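Chains as they are written, first to last, in this note's numbering: chain X, 1 to 108; chain Z, 1001 to 1547.
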């Protein structure tokens, strides 16, 4: 299986986080650890999570988004979650996170 | 060796000196037959014989055949015979003319240094002044021995004989090999207890001996210990008895079946382990549902609340570690309305179950202070946020996500509703939870739009705002609260999962509009085996139904 997470800093210092595949109880702890390790050291001005390649989020996958948002708060970084697929967007809408994170609906 | 009277052989004719004529007869005779002419010394004593004629099949111990035997001197070629009882039989037949039959005997031969002993049975008659010797080569002793040895070796078979009168025991070579014993030591005296037998198996041999004494053939498998190794031996034995029925001899074959037995034992062990595993798996499942049953008892029968009949179904996750945090609440409030709730704590296992129990008990306690679903939800949210903080402290600052098997954070979803039987109004709110379903006039769909804004998951932000939506129910409506295990599947969208549940409910209610709620719930299946599922179905009761 592909890596569930890839992280790299942009030219302007924004921490780009690309999640892929199913983010669930089997890998969410590892994903959070990877994000924390990458974010805490540089203290990025912004953290951006790209959900384009995500196929499924279970409750712990949703937890990854929440913990990262709390991490961004602590670091004083701007936080955005972008490009969810239709199903993932529907899930995030139901959980109230679309409003909380200002996620844009697919196709908009 | 003794001769046996053979009265049928009387060929005492006048002297036949024409050996050539005899040879002509022999040429067309089957079997092995030769004509021996005696050679006498001056005193007339037979000192030797010379072969004068031989049938084509006649073969001696040295491999000479047919006419090739003519002229052979018995004394020089078969010196072993001189002075034996058989030699005296020759003399007597020659003297008396009375034929003789020599029972099987072994002739030790020597052909160019190779021992080729052979076994013969012989008929002797006098023909003129000569001897007619007819013999049957029974078997090449060495070949037979080789064959037996190979059979024993190939079959891991040993052969033994025990003479009960003399106490004499005889073993074949392979028997020694099986018992790991030097043939020079001689066989084990089985009259005593087999000194190598494994404790506990003596009774098997004792039982076999008793069976033999009763005249039965025995077939037993017992164990011996040879050089620290345990061997399984199968013994098939039979007895020989005298005219009085007394057992006088036991003979039998012993087969080393260790390989087969150990394979069978191993197979049995594997099968046993598999069965144990199966049992422990079943026990795990039982434990999972028992655990759930203790924390969250699910009534089998519908419960009647003021103006509302409620039925519940809980489908545990397939694996114990996934036993989770699904919960429900259904109880009358002090003002005569009914509070309904269904929730789902993120993650699985004991921690999720503990959080679930805390939420459930908190909700019950909080109804004393408020009966407004949105207010109750805000309280639960703050409780969840507090719990998340407590957990972080509990583990000594170690990041929560490094704990294996736990969700990285402590969030939960829930739906809380209050139903007023007098007005049939249902006020509900949600926190990150799927919208309940409503079946009306045979059509199933979402209970209403989502509250606006949608209620955030519990445990994310202490200041999250929850809003109520109010709908009015009709008699005949069916209300369905569920957790996402019913619809969520990683290979299917929520929409598809929901559509499948809606179809199931529509079909059920379409075929039987007033079917019992439990029957309706029984039709629903969990979409996700990794997740547990809790479903609550409710139907408004007419006022006269109220108790």
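Cβ coordinates follow ideal geometry from the N, Cα and C atoms, glycine included.
Keep in mind it's a predicted model, so treat the numbers as computed, not measured.
- Counting the other CB atoms within 10 Å of its CB gives residue 1103 of chain Z a total below 16, which places it among the exposed residues.
- Rounded to whole angstroms, residue 1486 of chain Z and residue 97 of chain X show a C-alpha spacing of 22 Å.
- Within a 10 Å sphere around the beta-carbon of residue 1076 of chain Z sit fewer than 16 other beta-carbons, which makes this residue exposed.
- When the five nearest sequence neighbours on each side are left out, the beta carbons in the same chain lying within less than 8 Å of the beta carbon of residue 1333 of chain Z are those of 1339, 1367, 1371 and 1418, in order along the chain.
- Ranking Z:1243, Z:1276 and Z:1220 by CA distance to the CA of residue 1254 of chain Z puts Z:1220 first.
- Around the C-beta of residue 1444 of chain Z, 16 or more other C-beta atoms lie within 10 Å, and the residue is accordingly described as buried.
- Taking the C-beta atoms as reference points, residue 1540 of chain Z is found nearer than 7 Å to residue 1473 of chain Z.
- Chain Z places a beta carbon closer than 7 Å to that of residue 87 of chain X, counting this residue as a contact.
- Think of a sphere of 9 Å around the beta carbon of residue 83 of chain X: no beta carbon from chain Z falls inside it, the nearest being about 17 Å out.
- Of the candidates Z:1171, Z:1059, Z:1459 and Z:1525, the residue whose Cα lies closest to the Cα of residue 1189 of chain Z is Z:1171.
- Using a Cβ-Cβ distance cut-off of 8 Å, the region 1192-1202 of chain Z and the region 1260-1279 of chain Z are not in contact, since fewer than three pairs of beta carbons, one from each stretch, lie closer than that value.
- Here residue 61 of chain X carries a helix assignment [DSSP, helix/strand/coil].
- Here residue 1130 of chain Z is bridged, per DSSP, to Z:1127.
- Where residue 1090 of chain Z is concerned, the enclosing alpha helix (DSSP H) starts and stops at 1085-1096.
- Interface annotation, residue 1460 of chain Z: in contact with chain X, CB-CB separation under 7 Å.
- When Cβ-Cβ separations below 7 Å define contact, residue 66 of chain X makes contact with chain Z.
- Within the same chain, Cβ atoms closer than 7 Å to the Cβ of residue 25 of chain X are found at 58 and 60, the five residues on either side in sequence being excluded.
- For residue 1304 of chain Z, the uninterrupted beta strand (DSSP E) segment begins and ends at 1303-1305.
- Comparing alpha-carbon positions, the option among Z:1352, Z:1045, Z:1052 and Z:1203 lying closest to residue 1082 of chain Z turns out to be Z:1045.
- With a cut-off of 8 Å on Cβ pairs, the region 1220-1229 of chain Z is in contact with the region 1174-1184 of chain Z, counting three or more such pairs.
- Judged by DSSP secondary structure, residue 1450 of chain Z falls outside any alpha helix (DSSP H); it is assigned neither H nor E.
- Its chain contains 1183 as the residues whose beta carbon lies nearer than 6 Å to that of residue 1176 of chain Z, once the 5 sequence neighbours on both sides are disregarded; these appear in chain order.
- Proximity to residue 1514 of chain Z across Z:1454, Z:1533, Z:1530 and Z:1440 peaks at Z:1440, based on C-alpha coordinates.
- Between the alpha carbons of residue 1163 of chain Z and residue 1239 of chain Z lies a distance of about 10 Å.
- Three or more Cβ pairs drawn from the region 1475-1485 of chain Z and the region 1518-1529 of chain Z lie within less than 8 Å of each other, which places the two stretches in contact.
- Burial state of residue 1036 of chain Z is buried, judged by a 10 Å Cβ sphere holding 16 or more other Cβ atoms.
- Relative to residue 1050 of chain Z, the option among Z:1064, Z:1029, Z:1072 and Z:1058 whose CA is nearest is Z:1072.
- For residue 1332 of chain Z, the uninterrupted beta strand (DSSP E) run begins and ends at 1324-1332, by DSSP.
- Comparing alpha carbon positions, the residue from Z:1209, Z:1251 and Z:1096 closest to residue 1169 of chain Z is Z:1251.
- Between the beta-carbon of residue 84 of chain X and that of residue 51 of chain X there is about 4 Å, and that keeps the pair under the 8 Å contact cut.
- Not one beta carbon of chain X lies nearer than 7 Å to the beta carbon of residue 1448 of chain Z.
- Exclusion of the five residues before and after residue 15 of chain X leaves 9, 39, 44 and 47 as the residues of its chain whose Cβ lies within less than 6 Å of its Cβ.
- Assignment of residue 1362 of chain Z by DSSP, reduced to helix, strand and coil, places it in the helix class.
- For the region 1378-1389 of chain Z, there are no residues whose beta carbon sits under 8 Å from a beta carbon of chain X.
- Listed in chain order, the non-local C-beta contacts of residue 1070 of chain Z below 7 Å within the same chain comprise 1051, 1052, 1053 and 1054, local neighbours out to five positions each way being set aside.
- Residue 1455 of chain Z sits away from residue 1483 of chain Z, with the two beta carbons spaced by 7 Å or more.
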